[in-house]
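Participant:
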Amino acid sequence: MAQVKRGGIGLGLAEPELRVQYIVAGGPACDAKAFDVGDRLAAVDGTDVEGMKLKDVAPLIVGEEGTQVEITVVKKSDGSRVTVRLTRRGAGQKAEDSEPKPEIDTKQ
Numbered sequence: 000m001a002q003v004k005r006g007g008i009g010l011g012l013a014e015p016e017l018r019v020q021y022i023v024a025g026g027p028a029c030d031a032k033a034f035d036v037g038d039r040l041a042a043v044d045g046t047d048v049e050g051m052k053l054k055d056v057a058p059l060i061v062g063e064e065g066t067q068v069e070i071t072v073v074k075k076s077d078g079s080r081v082t083v084r085l086t087r088r089g090a091g092q093k094a095e096d097s098e099p100k101p102e103i104d105t106k107q
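Taking numbering that gives the first Met the number 0, the leading residue of the sequence shown gets 0, the next gets one more, and so forth.
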């Protein structure tokens, strides 16, 4: 049985308010260009996470590589809410590596 690979979104969060502390270069969050340091995590897949501990939120964000997760943040700049759907990737995995490869029909 194949082992399931776990992936994340490339956001470093800090308590107590689950603020974005850093964005991993080349990660899904960086590629989305929707997050800034200081933004506050508000929801994961529609579940309100405000007031939750990082240890309880992390399992909602991390999941099987190639699956999607919806992240909502409150922007530090103006207080607006932004929701982005990201595809989880493993550490150091490039965006093109996470795309399914086309099947090639070798039967003719």
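Using N, Cα and C, we set each Cβ at its ideal position, and we do this for glycine too. Just so it is clear, the structure is predicted and the values come from calculations on it, not from any experiment.
1) By the 10 Å Cβ neighbour count, where 16 or more other Cβ atoms means buried, how is V19 classified, buried or exposed?
2) What residues are listed by DSSP as bridge partners for I70?
3) Which residues does DSSP pair with G6 in a beta bridge?
4) Taking Cβ positions, are A24 and L10 nearer each other than 7 Å?
5) Could you tell me the distance, in whole angstroms, from the CA atom of E64 to the CA atom of D44?
6) Report buried or exposed for G50, applying the criterion of at least 16 other Cβ atoms within 10 angstroms of its Cβ.
7) Closer than 7 Å by C-beta to V68: which residues in its own chain qualify, once you throw out the five before and the five after it? Chain order, please.
8) Under DSSP, the beta strand (DSSP E) around V19 begins and ends at which residues?
Facilitator: According to the structure data:
1) On the sequence shown, residue 19 is found 20 positions in, with the first residue counted as 1. It is buried - the Cβ of V19 has at least 16 other Cβ atoms within 10 Å.
2) Here residue 70 refers to the residue found at position 71 of the sequence shown. Its beta-bridge partners are V43 and V83.
3) As a working note, residue 6 is residue 7 in the sequence shown. Answer is G62, bridged to G6.
4) As a working note, residue 24 is residue 25 in the sequence shown. As a working note, residue 10 is residue 11 in the sequence shown. Their beta carbons are not under 7 Å apart, which means A24 does not touch L10 by this criterion.
5) By one-based count along the sequence shown, residue 64 stands at place 65. By one-based count along the sequence shown, residue 44 stands at place 45. Between E64 and D44, the C-alpha separation is close to 16 Å.
6) If you number the sequence shown from 1, residue 50 lands on position 51. Under this definition G50 is an exposed residue.
7) Reading the sequence shown from its first residue, position 69 is the one you call residue 68. Same-chain partners within the cutoff: I8, V43, D44, I60, G62, L85 and R87.
8) Position 20 of the sequence shown, counted from the first residue, corresponds to residue 19. It spans R18 to I22 - the beta strand (DSSP E) in which V19 sits, taken as one unbroken run.
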